[in-house]
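There are 2 protein chains.
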Amino acid sequence: MKVVALAGGVGGAKLAAGLQDALPDGDLTVVVNTADDFDLWGLRICPDLDTVMYTLADFANPVTGWGVRKESFNSLGMISVYGEDCWFKLGDKDLATHILRTNRLREGASLTEVTAGLVEALGARARILPMCDEPVATILDTQEGPMEFQVYFVRRGQKDDVRGVELRGIEDAQITESVSVALAGADLILLCPSNPIVSIWPVLAVPGMRKALEASPAPKVAVSPIIGGRALKGPADRMLSSLGHESSATGVARIYEGLIDGMVVDLVDTAERAEIEALGVRVLETEAVMRDAEDRTRLAREVLDFGAKLAGRS
Amino acid sequence: MKVVALAGGVGGAKLAAGLQDALPDGDLTVVVNTADDFDLWGLRICPDLDTVMYTLADFANPVTGWGVRKESFNSLGMISVYGEDCWFKLGDKDLATHILRTNRLREGASLTEVTAGLVEALGARARILPMCDEPVATILDTQEGPMEFQVYFVRRGQKDDVRGVELRGIEDAQITESVSVALAGADLILLCPSNPIVSIWPVLAVPGMRKALEASPAPKVAVSPIIGGRALKGPADRMLSSLGHESSATGVARIYEGLIDGMVVDLVDTAERAEIEALGVRVLETEAVMRDAEDRTRLAREVLDFGAKLAGRS
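As structure tokens, then:
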């Protein structure tokens, strides 16, 4: 079963890792948000791509979910000696990724090509595709004025109320050939349990993406990132609320209404089943919290079974 | 006494460190060879500038003479995981220098400006100036064909015979305002015990440099990098021979003939005094090997005294 998973950072990477374990090698393609990419000291940093890549290649820090495990921060310490503000925690090993990516991009390779090279070298068993090759920047509207995503997310610790989201540059982006081909060949399309506003929405907003999704006969299934009204990680719950959505599985289902055929919600959210089904979305209730590799693979298998059922395969 | 020292890498940096200790803060300006600068993975690496900077700011690795002390190589290890050939040993702390320099150059700052910022942050007590702001590349003619300097020096361990030296780009370079001003205000100009062919010659070859040196009334003193016919470090002795020079203090004096007023040679080379003096060059014989900080400062003081004597000051 060829599966395409749309993903952001840590939460999406966890499910993607489960899917990679549950599927034959090469059957999984992860299409990753790149709207929170940014430049730091001239290096192109792609936080979500890296989180997915490190996770799938088994290089990820299992405690933080982002960054490389057994990491050191000696370069950053020296950058700090040079007087720079080191609010974004770049590890020494992680820096290697940014240095090589930046160089290959400067040499003229596309982000899709560069990512493929890095992923192959690290040995992930899935394809990892950026949502597009053009730079897109998520700019948040806050009381403090417009704010770049990583400034909001890392530097200011997600303390600001988000009143609006702009995807700067999205109108000049376009779906890549690689993403188009993957979607056209997909038997199942998954929306990972990533932030619906700043992780999944940018992917869906790439010109040509929604059309390609709608053209695919594959069932589309979202896994709710909201469990019991709360995001397991990150600011998705507060962001949903401040932007006028409901911070619940139903609230997420409404955002994806018209696109998804099925939704996976946690057992604590069974009360929402009827409301979600009223949107024309089938519901799978299961234990949706991924605490370890076993959880990830089990959830992935359940999601795949659910998808196969929706496709009328079983 | 305002002193300008022309320097290459490790040997030059050692004497420069001694001069920094022997002179009041701010009285020393080191003009550094940049013809062995190169790009690696998109980063601009300036080996001699960095060696001088790290040494004067007391960040240098005392064992190797180059690189930063208490260094780690985790980033390079990851770059190697990505399949790159890691023949140039970039440490994690050292990488910080290259990342920030590359970024500031890309933002439009000159190498002179960038270097000044880095040097100030690290806290050296001397000014460190690149010989020019334009990129110049030392290309060596060998049996294996033309070879970039760092490939010869690091990758191939100086095993090739050097039959010729080209300074690619030197014709488009020019002496900087900072170097001009420093030379014009100098009471003493020193040629450090660096490789005369690939460290000092590129500095002298910068258009406008020799004219500025000749226009200065300050005595010019060279410290011989050849002691007892041998280079203490690096391939200067073999390079002198293969290029048709004599590998001796006299051979070095001949290269600098017409430019220098004095030469500092080691006690083992006292037999060469007459030959060097016949070139119109005054000779100071002393213990010229710098084993530790004490040696460096002692030699620096003797060189400064010798220079003052040549200037008729004492």
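Residue numbers (our numbering), protein chains in the order written: chain A, -6 to 307; chain B, -6 to 307.
Positions of the beta carbon are idealized from the N, C-alpha and C atoms, including for glycine.
Quiz item: Are the region 235 to 251 of chain A and the region 216 to 227 of chain A touching, with three or more C-beta to C-beta distances below 8 Å?
Solution: yes
Please identify the residue among B:Met256, B:Cys39 and B:Ala89 whose C-alpha is closest to the C-alpha of B:Phe31.
B:Cys39
Open item on the list: Alpha carbons only, please: which of A:Cys185, A:Ser73 and A:Met124 is nearest the one belonging to A:Val25?
Closed with: A:Met124
query: Roughly how many angstroms separate the alpha carbons of B:Gly300 and B:Leu104, rounded to a whole number?
result: 30 Å
Q) Should B:Gly84 and B:Glu64 be called a contact, given that it needs their Cβ atoms to be closer than 8 Å? A) yes
(request) Sort B:Ala286, B:Asn67 and B:Gly251 by Cα distance to B:Ile269 and report the nearest one. (result) B:Gly251
Taking only runs that begin and end inside the region 213 to 263 of chain A, name each unbroken beta strand (DSSP E) of 3 or more residues, in chain order. 213 to 216 and 255 to 259
If distances are taken between C-alpha atoms only, which option among A:Leu111, A:Arg275, A:Gly35 and A:Ala246 comes closest to A:Leu42?
A:Leu111
Next on the checklist: Check this for me: beta carbons of A:Pro218 and A:Pro186, under 8 Å apart or not?
Outcome noted: yes
Problem set entry | Per-residue burial, B:Ser307 [other beta carbons within 10 Å of its own, 16 or more giving buried] | Note that B:Ser307 scores a pLDDT of 46, beneath 50, so its modelled location is shaky; the value from the coordinates is reported in the next line. Flag for B:Ser307 reads exposed.
What's the gap between the Cα of A:Val216 and the Cα of A:Val257? 5 Å
* With a CB to CB cut of under 6 Å and the five nearest residues on each side skipped, what residues in its chain are close to B:Gly5? -> Cys185 and Ser187
Checklist line | Nearest neighbour of B:Asp254, chosen from B:Glu127, B:Arg156 and B:Ala246 [CA to CA] | finding: B:Ala246
Looking only at C-alpha atoms, which of B:Arg275, B:Gly244, B:Val282 and B:Gly273 sits nearest to B:Val261? B:Val282
Interface residues of chain A around B:Leu104 at Cβ under 8 Å?
Residues of chain A passing the Cβ test: none, with the nearest at roughly 15 Å.
Note to self: Against B:Ile38, what residues of chain A qualify as contacts under a CB-to-CB distance less than 9 Å, listed in chain order?
What the structure shows: Here the premise fails: no neighbours, minimum Cβ distance about 12 Å.
Does B:Thr44 get closer than 8 Å to chain C when you measure Cβ to Cβ?
Going by chain labels, chain C is absent from the structure shown, which instead holds the protein chains A and B.
Who pairs with B:Ile163 in a beta bridge, going by DSSP?
Answer is none; B:Ile163 lacks a bridge partner.
Taking Cβ positions, are B:Ala89 and B:Val45 nearer each other than 8 Å? no
query: By DSSP, does A:Thr135 sit in helix, in strand, or in coil?
result: strand
| field | Contact set for B:Ala229: own chain, Cβ-Cβ below 6 Å, skip 5 residues either direction | value | Asn188 and Pro218
query = Which same chain residues, not among the five before or five after B:Ala198, have their C-beta less than 6 Å away from its C-beta?
reply = Leu160 and Ile163
Check your understanding: For A:Phe31, which beta-bridge partners are listed by DSSP?
Key -> A:Ile38
Could you check if A:Trp34 is buried or exposed, using at least 16 other CB atoms within 10 Å of its CB as the buried criterion? buried
- Message: Is there a C-beta anywhere in chain B that falls below 8 Å from the one on A:Leu93?
- Response: yes
As a quick exercise: from B:Gly157, B:Val172, B:Gly2 and B:Leu98, pick the residue whose alpha carbon is nearest that of B:Val58. First, the residue type needs correcting, since residue 58 of chain B is Gly and not Val in the sequence shown. For the residues B:Gly157, B:Val172, B:Gly2 and B:Leu98, the minimum Cα distance to B:Gly58 belongs to B:Gly2.
- Query: Using a Cβ-Cβ distance under 8 Å, would A:Asp126 count as near chain B?
  - Reply: no
- Which residues in the same chain as B:Phe66 place their Cβ atom closer than 6 Å to its Cβ, once the five residues preceding and following it in sequence are excluded? Gly84
Which residues in chain A sit within 8 Å of B:Trp34, going by Cβ to Cβ distance? Ile92, Leu93 and Asn96
Item to complete: Taking only beta-carbon positions, decide if B:Asn67 is within less than 8 Å of chain A.
Response: yes
To the nearest angstrom, how far is the alpha carbon of A:Lys86 from that of A:Arg62?
9 Å
### Short CB-CB distance (under 8 Å) between B:Arg374 and chain A
Because chain B in this structure spans residues -6 to 307, residue 374 of chain B falls outside the shown range and cannot be described.
Please confirm whether A:Ile121 has its beta-carbon closer than 8 Å to some beta-carbon of chain B. no
Tell me the rounded alpha-carbon separation between B:Ala179 and B:Leu236.
32 Å
- Distance CB(B:Ala(-2))-CB(B:Ala9) smaller than 8 Å: yes
**OP:** Identify the contact partners of B:Glu77 in chain A, using a Cβ-Cβ distance below 8 Å as the criterion.
**Re:** Leu93
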